[in-house]
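For reference, the structure discussed in these notes is given below.
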Amino acid sequence: MATLRTEALPADRSPIGRRSAERLPAGFYDRPVLAVARDLIGCVVEHGGISGVIVETEAYHESEPACHAYVGLTQRTETLFDPPGRAYVYRSYGIHALLNAVCEEEGVGAAVLIRALEPLEGVEEMRARRGMAELREEDLCSGPGKLTQALGIELAENGGDLYDGPVRILPRESAWLEPDMVESTRIGITKAVELPWRFCAAHNRNVSRPRPRTAA
DNA sequence: CATGGGATTGACT
DNA sequence: GTCAATCCCATGC
Numbered sequence: 137m138a139t140l141r142t143e144a145l146p147a148d149r150s151p152i153g154r155r156s157a158e159r160l161p162a163g164f165y166d167r168p169v170l171a172v173a174r175d176l177i178g179c180v181v182e183h184g185g186i187s188g189v190i191v192e193t194e195a196y197h198e199s200e201p202a203c204h205a206y207v208g209l210t211q212r213t214e215t216l217f218d219p220p221g222r223a224y225v226y227r228s229y230g231i232h233a234l235l236n237a238v239c240e241e242e243g244v245g246a247a248v249l250i251r252a253l254e255p256l257e258g259v260e261e262m263r264a265r266r267g268m269a270e271l272r273e274e275d276l277c278s279g280p281g282k283l284t285q286a287l288g289i290e291l292a293e294n295g296g297d298l299y300d301g302p303v304r305i306l307p308r309e310s311a312w313l314e315p316d317m318v319e320s321t322r323i324g325i326t327k328a329v330e331l332p333w334r335f336c337a338a339h340n341r342n343v344s345r346p347r348p349r350t351a352a
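Counting in the working numbering, the first sequence runs from 137 upward without gaps.
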């Protein structure tokens, strides 16, 4: 069984280099998708030196009809059935690329949708990519389509390895080892709307709208 | 081969 | 609050 402990490897002074030396444990994604969705809060998504801390996720599983894999193996869904730890990137509403982490054993269609990031590195490049003038920092990655645009993630990244890139997910940093989390129902779906499979960092400005009711 | 429906966003009323 | 933009692909005739 995988744990969240990161492997201590030779350090580097630069933030990117230091994190490059750390990996999520082998088997991290080879677990129930709900566990992975919780544990990804606080981890870091990085692409081309641009990065952010994950503050919102949703879980999807082939056993429920909101999941693309519910219909079985098709051309669209084949990445979902790949080995855990791959990126599933698909186009939403004809416009946006959405990033997911494939979970559970090979042959089981399950993934965690990365819905929002707290910008970490490359904020100016994010602003340039997002294109709109004078965006506040919390508007850069506060939604699943926004964050892929900010990090330059496109459909070409579908099927890529999240340990080796080009899109990578790196372990939690010290400030995020035990994040306060809020559970709620998922956004923007019409089926299985009752499942509480959305996870947000509590009191974080980068969580997408509508924000969940934060724990009292 | 035609059709319809999105795991969304930004602009506008 | 409402609504259009726009592309991939699953489904059905």
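For glycine and all other residues, C-beta sits at the position ideal for the given N, C-alpha and C.
Between the alpha carbons of residue 240 and residue 165 lies a distance of about 6 Å.
Annotation: residue 195 to residue 237 spans about 10 Å, alpha carbon to alpha carbon. Look at residue 268 here: in three-state DSSP terms it is coil, with no helix or strand label. Short of 8 Å from the beta carbon of residue 221, and not among the five residues preceding or following it, lie these beta carbons of its own chain, in chain order: 164, 165, 166, 237, 238, 297, 298, 299. When DSSP states are grouped into helix, strand and coil, residue 240 belongs to the coil group. By the CB criterion at 9 Å, residue 230 and residue 197 fall outside the cutoff. The count of Cβ pairs closer than 8 Å, one atom from the segment 300-310 and one from the segment 318-325, stays below three, leaving the stretches out of contact. Counting only runs of at least 3 residues, the segment 211-237 fully encloses the following beta strand (DSSP E) elements, listed from N- to C-terminal order: 223-228.
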